[in-house]
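Protein chains in written order, with the working numbering: chain D, 74 to 397; chain E, 74 to 397; chain P, 74 to 397; chain W, 74 to 397.
There are 4 protein chains.
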Amino acid sequence: MSLFRDDLQALLNGPLHPWLAHVAPQLASWQQQPHGDFKRWQRVLAQLPALKSDTYQLGDTVSVGNIEQASDSQRAQLQGLLKQLMPWRKGPFELFGLHIDTEWRSDWKWQRIAPHLGDLSGQQVLDVGCGSGYHLWRMLESGADHAWGIDPGELFLTQFQAIRSYMPAAIAKRAHFFPLGVEHLPTQNNFDTVFSMGVLYHRRSPIDFLYQLRHQLKRGGQLVLETIISEGDEHHVFMPGERYAKMRNVWYLPSTGALSHWLKRCGFSEIELLDVSTTTTDEQRRTPWMENESLADFIDPNRPNLTIEGYAAPRRAVFRARRA
Amino acid sequence: MSLFRDDLQALLNGPLHPWLAHVAPQLASWQQQPHGDFKRWQRVLAQLPALKSDTYQLGDTVSVGNIEQASDSQRAQLQGLLKQLMPWRKGPFELFGLHIDTEWRSDWKWQRIAPHLGDLSGQQVLDVGCGSGYHLWRMLESGADHAWGIDPGELFLTQFQAIRSYMPAAIAKRAHFFPLGVEHLPTQNNFDTVFSMGVLYHRRSPIDFLYQLRHQLKRGGQLVLETIISEGDEHHVFMPGERYAKMRNVWYLPSTGALSHWLKRCGFSEIELLDVSTTTTDEQRRTPWMENESLADFIDPNRPNLTIEGYAAPRRAVFRARRA
Amino acid sequence: MSLFRDDLQALLNGPLHPWLAHVAPQLASWQQQPHGDFKRWQRVLAQLPALKSDTYQLGDTVSVGNIEQASDSQRAQLQGLLKQLMPWRKGPFELFGLHIDTEWRSDWKWQRIAPHLGDLSGQQVLDVGCGSGYHLWRMLESGADHAWGIDPGELFLTQFQAIRSYMPAAIAKRAHFFPLGVEHLPTQNNFDTVFSMGVLYHRRSPIDFLYQLRHQLKRGGQLVLETIISEGDEHHVFMPGERYAKMRNVWYLPSTGALSHWLKRCGFSEIELLDVSTTTTDEQRRTPWMENESLADFIDPNRPNLTIEGYAAPRRAVFRARRA
Amino acid sequence: MSLFRDDLQALLNGPLHPWLAHVAPQLASWQQQPHGDFKRWQRVLAQLPALKSDTYQLGDTVSVGNIEQASDSQRAQLQGLLKQLMPWRKGPFELFGLHIDTEWRSDWKWQRIAPHLGDLSGQQVLDVGCGSGYHLWRMLESGADHAWGIDPGELFLTQFQAIRSYMPAAIAKRAHFFPLGVEHLPTQNNFDTVFSMGVLYHRRSPIDFLYQLRHQLKRGGQLVLETIISEGDEHHVFMPGERYAKMRNVWYLPSTGALSHWLKRCGFSEIELLDVSTTTTDEQRRTPWMENESLADFIDPNRPNLTIEGYAAPRRAVFRARRA
């Protein structure tokens, strides 16, 4: 359990302490399973240079330290090691002057959301499908007491740990990552705010997913939901073919009207559409830290408003709703 | 376990014997739970008059005995008791001259399906959501070796038991009903043919449901799937509001193209659309054996092609597909 | 489950049917585990010559067929195969003139017990630690409706199956063997008579064992318990050193007074000591069907009343008691 | 989980952290069960006067504070509340001048054991059947890093909490009590020293109990075992009748030779008999804090070396052994 000691500590001493009995056994059995490259990634983590700084920023670029606080060779070592944790998707980050230029400008997404969040001060917030944990740091910036991320990806866990290992202790101890799915969490309505960004369209059952998100919220708590949408009236749900933007596991793309209706049927109220944006190749793109295909490869080069399969290119909506 | 003794017997001695270890404990715990009116219904069952006949028909009207084989008073007693098991939805049935005029002309549905089924001889067939079990008898008529119905409804179980109790033993021992959901069955690919008629639109996750149906099929086995559909191209899925035809629990209504696509994504092949029919108030209607509201009450009286909520009135498609 | 089909059938159709839900899953998972030589032994079983006879005896020598009903070469084949299932401990048996001279003259033990049993007619009886199942056949001889043996030994299961395979169907279907321990049986008080012969002294907790036996008995049902005893008053329990008669797993040897007292504390009444006998080298000895060491090797050659370790040589008591 | 927060904290941050995944769910479900008077006792606990002191003694009388640090009325209040938690068996304790004169002079037992314990510095120690937790404090006195007590008794848990609530934080955080049985602990060989005093003779299976104790020990760790013994050679085990010294649940009383032999069979080595003492009516007696019957009532008034049932009066042996 040593891997999650600080996180269990935070559970134990905070309002989420009833979680402990559910989560501790799952993490224990998780640690006993083999996870492909996880051991290798953890060895990378263990080799990271021992750099320290009290300087940090939880702003658009989540950063620790500055260029003077590490030598060039330390920075080169840092770069070499962190590149072994590629692909880096959500960011950007900067560590001691080393910029991690991630596939996504996740700061742009946050800029669209943050103004609508209200004050997160003192809140327990949950990010379902948190990836590298970039937004967890932004939630702390917005005042959250503790930001809890869950994502089944072991690489993302390792990336998160790498960033956290450089954060000053007072900040580090407020950000958490468990390699669990939302379906494994106790349904105890513990959170003030629950985020889910970019997950719903990968779900075979978005309705069950919305219920699961709702079960994490306190009465009156808010859900922030971002997903790919389709055009159409409130009864319209789009189902692509075998692939959408080359992704194999895309299921339902509701219209904003339909998604609003889903939220209502799943017991949410005060449903607001905060933003609709077309994803651009400036926001999601190949970088030296993510060398695989990215959005530009998924879009019809001649008709940029269509995916390579001929569907409407990704447009994303952000909803806010409250648990009634 | 005595309630299901004959059914467990059939499991044990047939190709489904690996089921026994999964199903027996579930039935045992099912029997230990209270189920509202179930005990009362079982008492009705115990009082049915002891009539016997070797005459039976598994045709459009599933029938046992004839009018000469019961006295008027016995028939009156039979009627009085069976009416305590109302509402009767799937049928029609006839017992010793007593006609049970059910809400549905389920024989019409069968007439649309039967010509496409091929020879069921020697098959193990499964009917998911079998209701009173009407179609189980028709499957036996079509040659099935054993017809297994599942439905969580305890009233339907009792109706099935009532009919079966009058069937000659040689037929009775080939029809079975377990009060289980498809998600509780072992995923052992045991069946030659799986039927699901009128269930999919009640599912929060039709995709998971299709996978569950597939897990019941032998390689090469056939699925017969009937559900309410919507108009539109292959990417179109319709989601009604809080109610559809006054039903609260209707989720996705795919177009026939979308449903065909779902089947493909879930691992089916040789997908054929066998029939599309608009449900009429001749096929589904209030009768002396089902005195609640029926289709006529769900349809806009002035615009019979619309539901009372203003959606397209129910049209149903039947698909046949094979497990690849 | 095919290995136990006939046994599950007997459960289903008899008073033990509530067992089915408990036992079927355990047998299913048992069959999925590897058991050393079990597959090899089952292959031996599959090769047994197809001999048939209506002649059988459930007397001192449990036998099927006679010498005329098999050729010499068939008998030689039978002998060669059955010798692959050595060691044969409980018996004797005879198949088509082939005598299986087992280590134990289990018929002598039965002769000491049988006169005290009363009438077993119509009873469900259980033999805990039944070995090859020899006594199961004797229980049927005494009128038991069904005789159920349990023993974790897979070799004993195979020996039982070999004998049963030659029994006429009407007898075979009344004898059963499950490779389970008494702690795995449902505690449903199903049996009229429970036998445990030669097990208690191998138990780390004989008190818990007595409670387990009691849980198998109907109210008023009888326990027949045979075990090795020591001399002494009712408070005296003997615990040998690391080995007793070369056996490593011998724990408590109570005096007859102490054992009587244990039975009382565990809720038995009408406790009777039926027999005390010193085991002789005529009753337990090496034979061509059990070529390992036997009693003569466990006894001090110069002081036959002592084990080779210097303890009192085995004396066995038989108790009968009733569940109060 | 708040009841055990400090204890879980100690688990998390110490060498027992693998326990967390096993113990947290058990404590959570324990807290959801009703436990007779436990709520009432916890209300007593909540009313204890808020007294503070840095003065404490972990000596023969485990004490906190002195007579000057509480007013007479506070002491009266304290007495009134603590008497609601009677009977107090293991002690003595003293709180702010209030002496809790327990049934047992547990300090005498400790005086017989302590000289043999060696240095407990830095150790994790476990006390199985710890009662009020008196000896936990003595173990801390002897240098143990953390002393963990387990006992299923909810009253004892409350008594422990009462004493702990007055201990200075630095001491309090090193003593722990879980309402669990040894059979519920993970078998992870975590402890340097395991104590079991006065439990073995209540066990139906002392052999299984010794194995359970062994599973708690590190390789080379020491067991301190105290139990009632009988006279006799190494093969002699005494089993009393229905009652022994009026106790209904006394099973096996081995001779010291037999117990030594048990320890050896269960995988212990370096087995030493540290002490044998007859329990006197000075050591175990009725007091104003335990008003039920005590030893004097269990002994034959005319033959003080015999129990009231006529058995040898309680003599207790202490063994020390190591896990090989």
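Note that beta-carbon positions come from the ideal geometry of N, C-alpha and C, so glycine has one too.
Terminal residues of the beta strand (DSSP E) in which residue i lies
i, result
"E/GLN152", "Looking at the DSSP string, E/GLN152 is not in any beta strand (DSSP E); the run it does join, the alpha helix (DSSP H), is 145 to 156."
"D/LYS291", "290 to 302"
"D/TRP335", "No beta strand (DSSP E) contains D/TRP335, which is instead part of the alpha helix (DSSP H) from 329 to 338."
"E/LEU199", "197 to 201"
"W/MET270", "264 to 270"
"E/VAL117", "Taken as a continuous stretch (DSSP letters only), E/VAL117 belongs to no beta strand (DSSP E), being part of the alpha helix (DSSP H) at 111 to 119."
"E/TYR129", "129 to 131"
"D/GLU167", "166 to 168"
"W/GLU345", "341 to 351"
"W/PHE250", "248 to 251"
Below-8 Å beta-carbon distance, residue i vs any chain P residue
i, result
"E/SER333", "no"
"E/GLN82", "yes"
"W/GLY314", "yes"
Cβ separation of residue i and residue j, assumed to be a contact under 8 Å, to the nearest whole Å
i, j, result
"D/PRO107", "D/GLN147", "About 33 Å; that fails the 8 Å criterion."
"P/PRO160", "P/ASP174", "Not really, about 12 Å apart at Cβ, beyond 8 Å."
"P/LEU93", "P/LEU85", "6 Å"
"W/TRP183", "W/ARG211", "5 Å"
"D/LEU401", "D/VAL117", "Here chain D has residues from 74 to 397 only, and residue 401 of chain D is not among them."
"W/THR352", "W/ALA369", "W/THR352 to W/ALA369, Cβ: 11 Å. No contact."
"P/SER278", "W/ILE280", "7 Å"
"W/ALA235", "W/LEU155", "6 Å"
Cut-off 6 Å between Cβ atoms - residues of its own chain near residue i, not counting five sequence neighbours on either side
i, result
"W/GLY195", "ASP218"
"P/PHE251", "ILE223"
"D/ASP348", "ARG185 and VAL391"
"W/SER333", "ILE344"
"E/ASP80", "HIS249"
Cutoff 8 Å; reference residue i; Cβ partners in own chain excluding five residues on either side
i, result
"W/LEU286", "VAL201, VAL255, VAL267, SER269, LEU296 and LEU298"
"W/LYS291", "ASN262, ASN263, PHE264, ASP265 and ARG396"
Top-ranked residue by Cα proximity to residue i, from the options
i, options, result
"E/ASP127", "E/SER238, E/GLY383, E/MET320 and E/THR354", "E/SER238"
"P/ALA399", "P/GLY170, P/MET363 and P/LYS163", "The question about residue 399 of chain P has no answer here: the residues shown for chain P are numbered 74 through 397."
"W/LEU346", "W/GLU167, W/LEU190 and W/GLU227", "W/LEU190"
"E/LYS125", "E/THR134, E/PHE111, E/GLY109 and E/SER144", "E/SER144"
"W/GLY305", "P/ILE301, P/VAL310 and P/ILE302", "P/VAL310"
"E/GLY294", "E/ARG393, E/HIS257, E/ILE280 and E/GLY226", "E/ARG393"
"P/HIS275", "P/LEU326, P/PHE341 and P/PRO259", "P/LEU326"
"W/HIS172", "W/LEU336, W/ILE140, W/PRO374 and W/LEU230", "W/ILE140"
"W/ASP180", "W/LEU193, W/LEU155, W/LEU199 and W/TYR207", "W/TYR207"
C-beta neighbour in chain D for residue i, strict 8 Å
i, result
"E/GLN278", "Here residue 278 of chain E turns out to be Ser, not Gln, going by the sequence shown. E/SER278 counts as touching chain D."
"W/HIS90", "yes"
Beta-carbon contacts of residue i that lie in its chain and below 7 Å, excluding the five residues immediately before and after
i, result
"W/ALA83", "HIS219, LYS246 and HIS249"
"P/LEU213", "LEU131, ALA220, ILE244, ARG247 and ALA248"
"E/TYR129", "SER136, VAL137, MET240, PRO241 and ILE244"
"P/TYR384", "PRO313 and TYR317"
Residue i at chain E interface by Cβ criterion, 8 Å
i, result
"P/ALA187", "no"
"P/LEU442", "This structure gives no information on residue 442 of chain P, because the portion of chain P shown stretches from 74 to 397."
"P/MET74", "Low confidence applies here, because P/MET74 scores a pLDDT of 49, under 50, leaving its location unreliable; read the following figure in that light. Chain E, which has a Cβ nearer than 8 Å to the Cβ of P/MET74, makes this yes."
"P/LEU93", "yes"
Segment limits, alpha helix (DSSP H) that includes residue i
i, result
"W/VAL96", "93 to 105"
"E/TRP210", "207 to 214"
"W/ALA385", "Counting along the chain, W/ALA385 falls outside any alpha helix (DSSP H), and DSSP gives it neither H nor E."
"E/ALA369", "368 to 371"
Any non-hydrogen atom of the ligand GTP closer than 7 Å to residue i Cβ
i, result
"P/TRP335", "The model depicted lacks the ligand GTP and carries no ligand whatsoever."
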